[in-house]
Structure formats: structure tokens, C-alpha cells
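Written below as C-alpha cells is the structure these notes are about.
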Amino acid sequence: MKFNQYAFCLMAAVSSHGAFSSAPAALQVAKPTTTLFTDIDSIDNNVIAVGKFGTIVTSEDGQNWAQAQTPVQSLLTAVTVKSENAAWACGHDATIVHSTDNGKTWQLQQYLPEKGKPCLDIEFIDETVGFAIGAYGMFYKTTDAGATWQSHFISDFVHPDDKEYLADLKQDDPEAYEDEIKFILPHFNRLLITDNAFYLVGEMGLVAQSTDQGLTWQKFDEFYPGSFFSVAKMAQDKTVVAGLRGNAFYKTTNSVEFYEIDIPQTATINTILPLKNKALLFANSGMVHTFDGNKVTTEQLPSGHAILSATVFKSKVIMATEKGLITWGESK
715 MKFNQYAFCL
725 MAAVSSHGAF
735 SSAPAALQVA
745 KPTTTLFTDI
755 DSIDNNVIAV
765 GKFGTIVTSE
775 DGQNWAQAQT
785 PVQSLLTAVT
795 VKSENAAWAC
805 GHDATIVHST
815 DNGKTWQLQQ
825 YLPEKGKPCL
835 DIEFIDETVG
845 FAIGAYGMFY
855 KTTDAGATWQ
865 SHFISDFVHP
875 DDKEYLADLK
885 QDDPEAYEDE
895 IKFILPHFNR
905 LLITDNAFYL
915 VGEMGLVAQS
925 TDQGLTWQKF
935 DEFYPGSFFS
945 VAKMAQDKTV
955 VAGLRGNAFY
965 KTTNSVEFYE
975 IDIPQTATIN
985 TILPLKNKAL
995 LFANSGMVHT
1005 FDGNKVTTEQ
1015 LPSGHAILSA
1025 TVFKSKVIMA
1035 TEKGLITWGE
1045 SK
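Position one of the sequence shown corresponds to residue 715 (the working numbering), numbered consecutively onward.
Below is the structure:
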């Protein structure tokens, strides 16, 4: 398979600074660790998990958790931690929140419920430059640690026949153009930032790569028509993508062809966790697949709860599930 030809990435920069309305703060609850959690991330001596109704919890040992003060009740879908002083989370209502104190308190950077689009992932290159992606081609970028976020329309994913139409519409009727591009792109589900490239996966088989920090994107030829929900880089330079009905694929660094991974179950895979020379693929129904580059072994959590994310913290895997946080053995 080969990359599609480069296409110019049309970016309509619109600042969202100061463009959000007020939001109700998250409720403090007695047992915050038993709710739905969608994502979890860790660094050094701190781990942060996010989820339902704006719930954010933190821990310094992976066992004792404290609920953070959160300025929203929106479902939070993703969290990224760069340092003790720099963490971000995003979610429904195009919400973005930021913490500078190890996740204990959070400040609202963006809240746009009128857009009706959830943010589904948030990633940062460093403590200043970051990206938030989501439904219908949502793609925001910040160069000031989230003080302002600019919305970009990625025309690389527009069908060639539609590009000419959009160009004419933008010139003739700018308002109609803005309405047209709201829902023309697929959902962007997960963004991976590596030293050499960005990877973006989403619905309708979208797998794309950028080598200029998201300015332009090259789609891989379609090798599966369904949605992908996760992408990760293994230690031995394998890039793994996974999604609906247990479909998973990998490619090597110098190849543009993806090869199918033989997953024995059809439960949707929600996240991939690189672990030394292996990758753990976490799925619905409590399924955990271990891919070592050559074969797959599978086990199931006794609870059977859907696993939505996972991180390694203090030599153990902590999972974010539909029914709370679960610590799962030693990382090997």
C-alpha cells in the first residue's frame, strides 16, 4: 500500500480564547473511583484519571485516590500529563481543562456546548504546544499552553471532488462554507505524537500520518473500513492500530503496509498500552490481549468490565473501566 498524494492542508484558524460560557462544577462524591473512567495517565509520582460528570481523581501511590476540584460536569474523555505543573483533560462540549498542581485543581480553558461536538483526545508536544481532536474533524491547536486554542479544518481528508466545491463556496458564501465544513470530516478518535511523526486514527478506516507536526497529513490506503480507537508505538518500531470488533493491525517503521494481528475475540479494542517489547490491547468485556510482535495471548478480567484506558504506574498496570479503576498485576 502507498500513501495518497500530498494535499494542501487548508487551515481556518479561529481563536477560542474567551469564547466559552460558564459551566457547572463537578459534584464531589463519596466514592469517586467507582464511576465510569475513560482515560488515565501518569508521570513520576502521580497518576490522574478522568471520566463521568467531570470526575477527575489523582493518586500518589495508585491505591489511595482523591477527587480533584473540576470546573465542569461534562463527560471527560482524555487526559495527558507532561509534568507536575502541566496536565490537560478534554471531553464533551468541546471542554478543555488545565492543571498546574499535579491535578488537584483544574481551570477551564475551553467550554463550547453550542458546538455539540465532543473532544476525544488531547496531546502535547511539550508544556506549550498541544492538540485537541474529536468528532467531525475537530482539530484544535495551542502554542501557549492552552491560553488560546485555534480551530483548524484539515482539508487533506476531504474528497478531491469536494475540495473544489468547498473552495468556490468559501469565496462565494463564507457563512455557508462554515456550515458545510462542520460535519464533512470523519471523527478523529486518537492522536499519537512521536519524535518523528504524528499519527491520527478515526472512523471510516482513517489512519493518517504527519511529518510536519500536523500541518499536512497523508492518509494510508484503507485496509479496514471500520473505526479505529487507538494507536501506539511499540519499542521495536512497530506502529499498532486497533478498533471495532477486535480488529488490530501493525506496520514497521519503513513500511506503509499494515498487517493484520490475529485477535481471537471480537470485543472492540479501546486502547493500546506499549509495554517494553509488547503491547497490551484492552477491550470491552474485560478482554486483555498481549501482542509481542509475533503472537497474541488473551485473558479476561473476572469483572468483565469494558476497559477504556490503562497506564503503568509504580510497576503496575492501572486500568480505567466502565465501573471504576482496577489495578492489574505487575507490569512485565
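Glycine included, every Cβ here is placed at the ideal spot set by N, Cα and C. Please read these numbers as outputs of a predicted model, since none were measured by experiment.
Excluding sequence positions up to five before and after K992, its CB lies within less than 7 Å of the CB of T1004, F1005, D1006, all in the same chain and listed in chain order.
Taking a contact as a CB-CB distance under 8 Å, the pair G916 and N903 counts as one, their CB atoms being some 5 Å apart. Residue state for E837 is assigned as strand, using DSSP reduced to three classes. For L989, the secondary structure class from DSSP, reduced to helix, strand or coil, is strand. In the same chain as G1018, and ignoring 5 residues on each side of it, the C-beta atoms closer than 7 Å to its own belong to S999, G1000, in chain order. Approximately 5 Å separates the beta-carbon atoms of T784 and I770; this is inside 8 Å, confirming the contact.
With contacts defined as CB atoms closer than 8 Å, V1002 and L1015 qualify as a contacting pair. Secondary structure of A849 (DSSP, three-state): helix. Taking a cut-off of 8 Å for Cβ pairs, the segment 773-782 and the segment 796-804 do not touch, as fewer than three such pairs fall below it. In this chain, the alpha helix (DSSP H) harbouring K877 covers 874-886. In the three-state DSSP reduction, L958 falls in the helix class (H, G or I). I757 has its alpha-carbon roughly 31 Å from the corresponding atom of Y850.
For W802, the uninterrupted beta strand (DSSP E) run begins and ends at 800-805, by DSSP. Among the bridge pairs identified by DSSP, Y964 is matched with V954, Y973. Closest in alpha carbon position to I975, among I836, L995, F751, F897, is L995.
Around the beta carbon of K831, a 10 Å sphere encloses 16 or more other beta carbons of the protein chains shown; the residue is thus reported as buried. Following the DSSP letters along the chain, one finds Y913 inside the beta strand (DSSP E) bounded by residues 912-916. DSSP places T809 within a strand segment (E or B) once states are collapsed to three. Take K796, set aside five residues on each side of it, and the residues of its chain with a beta-carbon closer than 6 Å to its own are F838, E841, in chain order. Taking 8 Å as the cut-off, the Cβ atoms of A1024 and T985 count as close. Under the DSSP assignment, G765 falls in the beta strand (DSSP E) whose first and last residues are 760-765.
Take the alpha-carbon of A744 and the one of Q781: they are about 9 Å apart. Within a 10 Å sphere around the beta-carbon of V872 sit 16 or more other beta-carbons, which makes this residue buried. For T966, the closest of A946, W863, I983, F751 by C-alpha to C-alpha distance is A946. V786 is positioned such that its CB atom lies closer than 8 Å to that of V811.
For G928, the number of other beta carbons within 10 angstroms of its own is at least 16, and it is reported as buried. A buried status is given to T1035, since no fewer than 16 other beta-carbon atoms sit within 10 Å of its beta-carbon.
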